[in-house]
Structures are given as structure tokens and as C-alpha cells.
Amino acid sequence: MQVNVRKRILITGAAGFLGSHLCDRFIQEGFHVIAMDNLITGSLHNIEHLFGLENFDFLHHDVSKFVHVPGPLDYILHFASPASPIDYLRIPIQTLKVGSLGTHNLLGLAKDKKARILVASTSEVYGDPLVSPQSEQYWGNVNPVGPRGVYDEAKRFQEAITMAYHNFHGLDTRIVRIFNTYGPRMRPNDGRALPSFIGQALRGEDITVFGTGEQTRSFCYISDQVEGIYRLLFSPYTYPVNIGNPEELTILNLAQKIISLTNSSSKIKLEPLPEDDPKRRRPDIDLATTILDWTPKISLEAGLIKSIKYFKDLYAIENTNQNI
Ligand code: NAD
Ligand code: UDP
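This is the structure:
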């Protein structure tokens, strides 16, 4: 008799924005998902619909401390880390620790369990880039002692130690460099441009554009990001791969689009640009296209419409709760 044993995957940062969508995807694909999070920036609301499933477990744990997971593991996705600038400025030491000690613990766990591990890196490893678009060949322009250094350097160390485990211990590793990703389950007040602008537009408040608004970003919708990560995990490629949407626009243009799509009366208000804020960011996705046969499918406009609906519904629920 053949017994169908589910593959087991540990997802750290599972209660966060990206982690919770990855939990959904791997549950849908028939995996046993072990979700781990210390809830420092995430919320159990993001995964509460999975509690009670026989193939889902949640472990409340800080991965910067020794990580123990009972039973076998086939895969590990290490996504735990504050990701929004206001988060990593508020908790800089935890950010450095989860990228360094946390990654070290998870690499050790992967080695012990003989599991494949994929770590979440970021376009921030390119810092304030001097070339555009940014390909994986570019080494970056990061200020290690600036305010963003705690995040950027933790992620650069994460990439270095992951490659070292791969080369020295023969560990089966993957590295994804994630560019700005957005969609449902972002925290409305996480300080990132997209949820901030949508919230401000829906409330009719001024839209706070930092600097002149001429700095650029390229926004990738969550379902495209999850598909890219899924494909990378099951590809044989072990060097870093950019996953993002190359549709680049200025932040001022993003604000204008959101005002228009929400039919808002909001005005744009310019505020000081944070220190070391990258002037431009756009992924070169040739590598992902070639080796993963992946390209983003959701246009910025379509993704914004879905996100605006999500935040509208969220605010409607909050208002109802306040009136009870
Ligand atoms: P998020 O803040 O929504 O999720 C991060 C999760 O990690 C949270 O649930 C948080 O509680 C958890 N966490 C943080 N430190 C932890 C620790 N020490 N132990 C256990 N859990 C911990 O952020 P996100 O946007 O979902 O980002 C997830 C990952 O993707 C991060 O590693 C981030 O660096 C990376 N990333 C995200 C983006 C993006 O645009 N969202 C871009 C580049 C990289
Ligand atoms: N930004 C802004 N207003 C806000 C929040 C952010 O103008 O209320 C700017 C920010 O300075 C940056 C861009 O929008 O130039 C994207 O910021 P976000 O925090 O979303 O992402 P990151 O800087 O990490 O790419």
C-alpha cells in the first residue's frame, strides 16, 4: 500500500504580509505548513483562516533564538524580518539579529533536517543604486552606518552566510531578491507609500509625498511575487534572483494614480525625504524570465484596484466595530 506523505515546509514570518500569502499557496499545493512568527510586526489575523486545518501548525517563536522544530522538514522559507522602513528604524537591533542570527539558526536547522532553504533578500541590497535597472550582477551602493543600514546590511550578511553554507556545507539553498511588493494584508499603518497613500486618499487627507516625489519605485502585486518565489524554490538555480515588476513610476505619479482611482479630493503635500532614500529602483528580471519562465501578470492599475478594495473593506469593518 502506498502512503501519500505530505511534504513539510517551515515558513518563518508567516503571520506577516508575504509569509501569510506563502502559507496559503503551500497549503493549496497540499504541503504540511509549519508557520513560525514572533508577531513583532505581523498579525495572527493574516493566518487565522488556516488554524484548525490538519496540515497547518503555528509556532510562536523568535527565530533569532535557537530554533527547534519537531519532526522532519523538506523545505524552509525564511521570511521573518521587519520590512518597512518605519519598522526597522523602530527596532534596528531586532532587524540586524533576525537577518544574521536568525538566518544562521535557520541554516543550521536546514542542515540538520537536510531541507532545502530559500531566504528572502531584498532590492535594498542594491542600496541607492548607481545603475538602472538593477540586475543581479550589480553589487550595490549601501551606506552601512546610515539609518537603513540595519536592514540592508543584515540582508547582505544573510546572502553571504547562505552562500557560505551552500559552498562549505553543500546545503541546498535559494536566494530571492524581492522588489517592492504590495496587496491585501499589508498593514494600513506600516508607513510604506502604497498603504499610506491609499488610506490617506480614502479618508480625504493630504497625501504625504516625501522629497520632490521624483524618486522611482516599481511595484509588484503579491500573487506575482508568490508565483516567482514558488518557481525559484523548485528551480535548481542557487544564486540570487530578482523578483519584481519592472513597471517603474515616480512616487508623485503613484500618489496621483491613487487619488484618481479612489476619486479622492485629497491634495498632495510634500514632506522631507528620509535619509538615504533610494532615488530609483527597477528590477532587471531577465534572469527570472529565462530560468523560471516567470514574468509578472498583474498591471499596476489592476493591482491598485484590488488593493484599494481591500483597504476600503478593512476600514468599513473597523468603522462598524467602533460603532458597536
Ligand atoms: P511583514 O512585517 O509583514 O512580515 C514579517 C514577519 O516576520 C512578521 O509577521 C513579523 O512578526 C515576523 N518576524 C520579524 N522578526 C521575527 C523574528 N525575530 N522571529 C520570528 N518572526 C519574526 O513584512 P513583509 O513585507 O511580509 O516581508 C517579509 C519578508 O520579505 C522580509 O524578510 C522582508 O525583508 C522581505 N521583503 C519584503 C518586501 C516587500 O515589499 N514586502 C520587499 C523586499 C523584501
Ligand atoms: N514615501 C512617501 N510617502 C510616504 C511613505 C513613503 O513619499 O508616506 C516614499 C519613500 O520616501 C520612498 C517611496 O515612497 O521614496 C517608497 O517608500 P516605501 O516605504 O513604500 O518603500 P521603500 O523605500 O522601502 O522602497
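End of the sequence shown sits at 324 in the UniProt record's numbering; the numbers just go up one at a time, nothing left out. Don't be surprised by glycine CBs; every beta carbon is placed ideally from N, CA and C.
Beta strand (DSSP E) segment containing residue i, residue limits
i	result
Asp74	Where Asp74 is concerned, there is no enclosing beta strand (DSSP E), given that its DSSP letter is neither H nor E.
Glu153	Per DSSP, Glu153 belongs to no beta strand (DSSP E); it is in the alpha helix (DSSP H), Gly149 to His169.
Asn180	Note, Asn180: premise wrong, no beta strand (DSSP E); not H, not E.
Val119	Arg116 to Thr122
Thr12	Arg8 to Thr12
His60	Phe56 to His60
Leu249	Glu248 to Thr250
Ala216	Checking the displayed sequence, the identity of residue 216 turns out to be Thr instead of Ala. Thr216 to Ser218 is the extent of the beta strand (DSSP E) around Thr216.
Ile243	Val241 to Ile243
Distance between residue j and residue i (C-alpha atoms, nearest Å)
i	j	result
Gly303	Ser196	16 Å
Asn143	Ala35	33 Å
Pro240	Val131	18 Å
Gly211	Tyr182	22 Å
Gly228	Leu53	26 Å
Thr173	Thr238	6 Å
Ser223	Ile308	16 Å
Val145	Asp276	10 Å
Asp206	Leu254	14 Å
Lys306	Leu300	10 Å
Ser260	Ile198	11 Å
Val63	Val33	17 Å
Glu29	Glu153	34 Å
Glu159	His104	11 Å
Ile258	Leu10	36 Å
Arg6	Lys297	30 Å
His68	Gly16	20 Å
Ser84	Asn141	19 Å
Asn321	Pro184	20 Å
Thr208	Ser264	14 Å
Tyr88	Cys23	24 Å
Arg203	Tyr310	14 Å
Lys113	Ser235	20 Å
Leu287	Glu248	18 Å
Phe58	Thr95	22 Å
Lys312	Phe56	30 Å
Leu77	Tyr126	22 Å
Test item: CB-CB of residue i and residue j under 8 Å
i	j	result
Tyr75	Ala14	no
Glu214	Thr262	no
Asn38	His60	yes
Leu232	Val176	yes
Arg8	Pro92	no
Ile40	Pro82	yes
Phe157	Gly102	no
Pro278	Asp128	yes
Ile27	Leu50	yes
Ala193	Ser266	no
Gln256	Leu18	no
Asn79	Thr12	Residue 79 is actually Phe in this sequence, not Asn. Taking 8 Å as the Cβ cut-off, Phe79 and Thr12 qualify as a contacting pair.
Leu171	Lys111	yes
Lys155	Glu124	yes
Arg25	Tyr230	yes
Arg281	Phe168	no
Endpoints, alpha helix (DSSP H) assigned at residue i
i	result
Thr290	Asp286 to Leu292
Ile40	Segment: none, Ile40 is in no alpha helix (DSSP H) and carries neither H nor E.
Asn46	Segment: none, Asn46 is in no alpha helix (DSSP H) and carries neither H nor E.
His104	Thr103 to Lys113
Lys267	Neither: Lys267 is in no alpha helix (DSSP H) and is coded neither H nor E.
Asp224	Ile222 to Leu233
Ile207	Segment Ile207 to Phe210 is the beta strand (DSSP E) holding Ile207; no alpha helix (DSSP H) there.
Arg25	Phe17 to Gln28
Arg203	Ala193 to Arg203
Leu89	Pro85 to Arg90
Cβ-heavy atom distance, residue i to the ligand COA, below 7 Å
i	result
Phe17	Absence of the ligand COA from the depicted structure is noted, with the ligand NAD and the ligand UDP being the only ligands included.
Chain D contact for residue i (CB, 8 Å cutoff)
i	result
His104	No chain D appears in the structure shown, which is made up of a single protein chain.
Check: Can we say the stretch 121–135 touches the stretch 292–310, given the rule of at least three CB pairs closer than 8 Å?
Finding: no
Notebook entry, point to check: Are there three or more Cβ pairs, one per stretch, closer than 8 Å when the stretch 142–149 is compared with the stretch 187–194?
Noted result: no
Check: Counting pairs of beta carbons, one from the stretch 211–229 and one from the stretch 242–262, are three or more of them closer than 8 Å?
Finding: yes
Item checked: Touch test, the stretch 159–173 against the stretch 301–317, Cβ-Cβ under 8 Å, three pairs minimum -> no
Note to self: Across the stretch 115–128 and the stretch 260–274, are there enough close Cβ pairs to call them in contact, namely three or more that are closer than 8 Å?
What the structure shows: no
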